[in-house]
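Heads up, the sequence shown is in the working numbering, so the first residue is 1 and it goes up one at a time. Backbone N, C-alpha and C fix where the C-beta goes; we use that ideal spot for every residue, glycine too. Since this is a predicted model, take the numbers as computed values, not measurements. Remarks on the structure that follows.
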Amino acid sequence: MIGPDHRLDTLNFHFWHKDQGSDDRRFDPTDAEQGLLFIWDAETGARLIAIQDNRALQTMNWNKDESQILAIGIQGVRQYYTHLEDLITLGCERVNRNLTEGEWSQFFSDDPYRATCPDMPIPEE
1 MIGPDHRLDT LNFHFWHKDQ GSDDRRFDPT DAEQGLLFIW DAETGARLIA IQDNRALQTM
61 NWNKDESQIL AIGIQGVRQY YTHLEDLITL GCERVNRNLT EGEWSQFFSD DPYRATCPDM
121 PIPEE
């Protein structure tokens, strides 16, 4: 973690320029309109992430297992997760609860309710 009481000791990321893709060409960036940069998995064709305001980005940096990207640009450094499971874990850690049934139906109306944070309580309506 980086913050006023934390120090970054080690940064083990793979560097590549935003217009070049990863060295093994598995991940390819493509520009799109409205200031978005898309990162695609060249093996599966899946879009992994959309990063806003690519005009300000200068370098993209993958961590060793390619689960995170650091985006470095004139606006600073931003961290993006590329695996959905990591985003769910991060969300559960920050919110400390599951969605209510009302919240679930607002966003996932076609799916039956399920707990997204298995170790957290299901709140009452």
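Worksheet item: Sorted by chain position, which residues of the same chain lie with C-beta nearer than 7 Å to residue 125's C-beta, five sequence neighbours on each side aside?
Response: Against the sequence shown, residue 125 aligns to sequence position 125. Excluding residues within five positions, the ones whose Cβ falls inside 7 Å are 100, 101, 102.
Fill in: Inter-residue Cα distance where the pair is residue 47 and residue 37
Counting from 1 along the sequence shown, the entry for residue 47 is found at position 47. Counting from 1 along the sequence shown, the entry for residue 37 is found at position 37. Rounded to whole angstroms, residue 47 to residue 37 spans 11 Å at the Cα level.
Fill in: Alpha carbon of residue 42 to alpha carbon of residue 83, nearest angstrom
Position 42 of the sequence shown, counted from the first residue, corresponds to residue 42. Position 83 of the sequence shown, counted from the first residue, corresponds to residue 83. Taking C-alpha positions only, residue 42 is separated from residue 83 by approximately 15 Å.
Practice prompt. Compute the Euclidean distance between the alpha carbons of residue 89 and residue 67, then round it to the nearest angstrom.
Written response: Numbered from its first residue, the sequence shown carries residue 89 at position 89. Numbered from its first residue, the sequence shown carries residue 67 at position 67. Roughly 13 Å between the two C-alpha positions.
Item to complete: Could you tell me which of 51, 94, 110, 85 sits nearest to residue 127, measuring between CA atoms?
Response: Past the edges of the chain, shown from 1 to 125, lies residue 127, and the structure says nothing about it.
Discussion item. Looking at residue 58: is its Cβ nearer than 9 Å to the Cβ of residue 70?
Written reply: As a first step, residue 58 is located in the sequence shown; it is residue number 58 there, counting from the start. As a first step, residue 70 is located in the sequence shown; it is residue number 70 there, counting from the start. Taking 9 Å as the Cβ cut-off, residue 58 and residue 70 do not qualify as a contacting pair.
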